[in-house]
Structure formats: C-alpha cells, structure tokens
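Down below is the structure, laid out as structure tokens.
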Amino acid sequence: MKRIFIVIGIFLLLGCEKEKIVEKLIEKEYAWTLHPNPDLKANQAILLNSYATEDYFFAVGYNTFTSMVSDSLVHPDAFGNNSNMVTYGSHRGVLSETKILIDDDFFAYQSVYGALVIHPNLNPITSGTWTYLRMEDIDSTFKRFYYVPSSLGNGLVVNDKKQLLVPYVGKQATPTLLLLDLKPNTDDLRLVRIDTSRTQKITIPRVSHAILPGSFHSIGNNFYFSFYHTYRLNSNGEIKVVLDNISISDFVKDGANIYGIGYGKLYKSIDDGINWSEVQNLQAYDFELMDYSKVGDKIIAYYKYGQIFELTFGPTGIEQSRELENDGLQGKYITSVTEFQGKVYVTTYSGLYYRNIDDFFKDKKKDK
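Residue numbers (the working numbering): 53 to 420.
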C-alpha cells in the first residue's frame with residue numbers, strides 16, 4: 053500500500069508544473085518619441101539645426117545631413133532605399149558647439165580650416181556641388197571666424213534676399229562682416245553660386261576689439277547683432293547703431309512688432325527695427341538663455357536642457373509664459389524646434405524627437 057501512495061505522489065509531483073512568474077518588460081511611453089531612423093544613432097545623433105518647407109524636412113548634424121519628404125516613420129534599409137528619410141555623411145570640419153545655418157535651399161557652416169562651406173539641400177553630397185570659399189581669398193587680412201556657441205544662437209545668418217552674413221576677425225583684431233549675395237538652385241545640380249560682384253566687406257563702427265559679439269539674427273531683409281551696442285544692417289550694407297550701450301541677445305518677430313531681449317529687459321520696435329523702446333523688466337534672465345522659433349503662429353522658446361515654452365506677447369511685453377510638456381526630452385540638449393506635416397520635430401545632441409502638433413501645446417504635467 054505504501055508503494056502505491058509513493059507512486060501516486062511521484063506522479064502528482066511530476067504532473068504539477070511549478071508556477072512560472074514571467075516579468076514582462078514594459079518600456080515607458082514618453083510624450084516625445086525618439087525617431088527610429090537607425091542612421092541617427094551614436095555620433096550621427098548629434099543634430100545641430102533643422103528647417104522645413106511645405107514638402108521637405110531637413111536636419112543637419114555634426115557630420116550628417118538628413119532629408120525627409122513625409123511624416124511617415126518607415127525604417128530605411130541599409131542603403132536608404134524605399135524610405136521617406138535619407139541620411140548622408142556629407143561634411144567635415146564643423147565645430148559641434150556651433151549651430152549650422154540651414155534654410156530652404158542650402159546649409160552653410162564656418163569650417164575650422166578657415167573656409168565658408170555651402171551645400172545645396174537637394175543635392176548635398178555629389179562631388180562638386182558644394183561651395184568652398186577660402187576666406188583669405190576674399191580678404192587677405194582674415195584671421196579667424198567668430199564662432200558663436202549654439203547655446204547663444206547663430207554665427208551665420210541669411211536674410212529673405214538670400215544674402216549671407218559672415219562675421220569674422222581681421223589680423224588687426226578688427227571685427228568685420230562679409231555680406232554675400234547667393235544664387236541658389238542655379239542649375240540641375242542645385243548649385244549655390246555667389247555673385248562676387250556684389251560682395252560687401254563691412255567694418256563695424258564704434259566697437260571695442262575686446263568685445264565679443266552675441267548671436268546674429270535676420271528678420272526680413274535686415275540683420276541684427278550686438279557688440280556692446282546693438283546694430284541693424286540692411287540689405288544695401290548700411291549699418292546703424294539702434295540701441296546705444298545696450299546689448300540684445302535675442303530678437304523675436306510677432307506680427308508687425310520686433311522684440312529684443314537683453315540684460316533682463318524687453319525692447320520693442322514698431323518700425324522694422326529702426327527705433328526701439330524699453331517696454332518691460334523681465335523677472336529673470338532665463339529668456340536670454342533660450343532660443344526662439346515659431347510653430348504655426350505661436351512663438352516658441354526652448355531651453356537647451358529640454359524645456360519648451362509658449363510665449364504670448366502683448367502691448368506690455370511678454371504677457372504669458374507657459375511651459376509645454378517635455379516628457380522624454382528632459383536633459384536633452386535642444387538645438388531646434390520645427391513644424392512639419394502635422395508633427396513638431398526637435399533636434400538634440402542625442403537624436404531627433406517628434407510629437408503630434410495636436411498634442412504639442414499641452415501644458416507640462418506637474419510633478420507629483
């Protein structure tokens with residue numbers, strides 16, 4: 053009888069499987085999603101700027117250029133075929149701390165080798181399509197470029213007339229501007245040509261050689277920048293001090309008004325940047341540490357370490373500052389914010405992130 057019970061017990065033990073506890077690893081879903089393109093990983097993830105037209109989204113990185121023709125998130129194959137997004141290894145000699153200029157036709161940067169380099173967006177890597185301009189060939193007194201850190205803004209700017217402003221230092225430590233007339237898309241290769249007959253070399257008046265500039269800006273056909281004083285440069289090369297002994301770090305256009313932010317104050321111009329008046333004392337200097345762009349008709353401010361704000365301007369200045377949801381972007385070094393085909397894309401030093409525009413303007417959730 054004992055043998056029968058022992059046999060039954062063995063069968064019971066063998067027939068009962070030990071309960072298995074399966075831990076399912078669930079990845080957190082963030083409000084902002086990292087783009088899955090495998091070509092935007094590792095060193096290729098360092099993105100410095102972006103721009104969108106009606107049909108194209110462009111993102112330029114430390115050593116890559118990415119072109120996207122739709123908001124579909126199809127993975128490209130190893131050769132970039134059958135994909136809405138293509139990434140090229142297209143340039144070298146870029147300082148990663150700077151913000152590469154990009155507009156609808158081209159991207160440009162100041163090479164560490166003392167040259168201005170311009171690539172056409174729609175044909176960025178074909179041999180012979182980029183413009184390589186040695187600065188010493190234009191100005192024999194050229195010593196070095198002014199490199200503006202991306203956290204402070206732009207070192208190269210282009211206006212609506214496709215005039216490119218290039219700041220540099222001469223051998224006598226003289227701050228100088230080169231104003232170049234560009235002719236993009238001049239043939240089937242999409243070349244960007246320079247009309248050298250219209251090149252202007254401009255010496256900045258009333259500036260100390262020891263003063264470093266802030267960032268450079270363009271609004272319409274005019275340029276704005278500060279070397280202790282704040283200057284306005286028009287498309288004819290005429291330069292004028294518009295704010296005496298006042299340095300502006302950022303310029304924002306809202307409707308017919310232009311606003312300037314500097315040293316805890318907000319300035320306003322209602323006549324295309326010719327005359328300015330102080331309109332507001334800002335409670336914090338944070339606004340000077342931000343960069344600015346537009347999503348739709350809304351003014352967006354973004355801080356380099358992952359924060360995004362919507363600003364509302366009124367007669368008295370900044371009337372509202374609203375922080376937007378940045379879940380998934382915390383700690384990421386933001387370099388640009390661009391709207392394209394129903395989504396908002398954010399370039400960072402660690403990849404390309406996106407969010408549906410319908411969700412973009414949602415307030416940041418408060419920490420519990």
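Idealized CB from N, CA, C, for every residue including glycine. Being a predicted model, the structure only gives us computed values, none of them experimental.
Chain-order list of residues whose beta-carbon lies under 6 Å from that of residue i (same chain, five-residue window excluded)
i, result
"Val210", "Asp155 and Leu216"
"Gln382", "Gly358"
"Glu75", "Summary for Glu75: the model assigns pLDDT 48, below 50, so the residue's position carries little reliability, and this model does not support an answer."
"Gly348", "none"
"Ser270", "Val209 and Asn211"
"Thr400", "Lys384, Tyr385 and Ile386"
"Phe109", "Met120 and Phe392"
Sub-8 Å separation of residue i and residue j beta-carbons
i, j, result
"Thr116", "Tyr140", "yes"
"Asn354", "Ile326", "For the record, residue 354 in the displayed sequence is Tyr; it is not Asn. No."
"Ile370", "Glu362", "no"
"Pro88", "Phe158", "no"
"Ser102", "Tyr406", "no"
"Val221", "Arg258", "no"
"Gly207", "Met187", "no"
"Val218", "Leu234", "no"
Residue of the options minimising C-alpha distance to residue i
i, options, result
"Leu100", "Pro88, Leu174, Leu168 and Ser202", "Ser202"
"Thr255", "Arg245, Asn274, Gln224 and Leu243", "Gln224"
"Lys305", "Phe275, Leu295, Asn175 and Met137", "Phe275"
"Ile409", "Val389, Leu243 and Thr400", "Val389"
"Thr251", "Lys292, Asn288 and Gly113", "Asn288"
"Leu204", "Phe268, Asp411, Val331 and Leu174", "Phe268"
"Lys414", "Val164, Glu375 and Gln96", "Glu375"
"Ser368", "Val331, Tyr108, Leu86 and Phe109", "For the record, residue 368 in the displayed sequence is Thr; it is not Ser. Nearest of Val331, Tyr108, Leu86 and Phe109 to Thr368, Cα basis: Val331."
"Lys214", "Phe110, Asp239, Leu185 and Asp247", "Asp247"
For residue j and residue i, believed in contact at Cβ under 8 Å, the rounded distance
i, j, result
"Ile322", "Asn309", "6 Å"
"Ile313", "Phe339", "5 Å"
"Asp212", "Gly145", "Contact flag wrong, Cβ pair sits at about 28 Å."
"Glu377", "Ala83", "5 Å"
"Leu153", "Tyr199", "Not quite, the Cβ-Cβ distance comes to about 13 Å (not below 8 Å), so this is no contact."
"Trp328", "Tyr315", "That pair is no contact at about 14 Å."
"Tyr283", "Val294", "7 Å"
Same chain, Cβ closer than 7 Å to residue i, five either side skipped, listed in chain order
i, result
"Lys253", "Asp191, Thr228 and Leu230"
Per DSSP, cross-strand counterpart(s) of residue i
i, result
"Tyr165", "DSSP output for Tyr165 lists no bridge partner at all."
"Pro227", "Val221"
"Ala160", "Leu153 and Ile170"
"Glu362", "Ile352 and Arg374"
"Val244", "Its beta-bridge partners do not exist; DSSP assigns none."
"Leu185", "Leu168"
Same chain only: Cβ atoms within 8 Å of residue i, ignoring 5 sequence neighbours per side
i, result
"Phe131", "Because the pLDDT at Phe131 is just 45, under 50, the model does not fix this residue reliably, and the value given afterwards should be weighed accordingly. Excluding residues within five positions, none has a Cβ falling inside 8 Å."
"Pro172", "Asp157, Phe158, Thr181, Trp182, Pro236, Asn237, Leu241, Arg242, Leu243 and Val244"
"Lys417", "Glu377 and Asp379"
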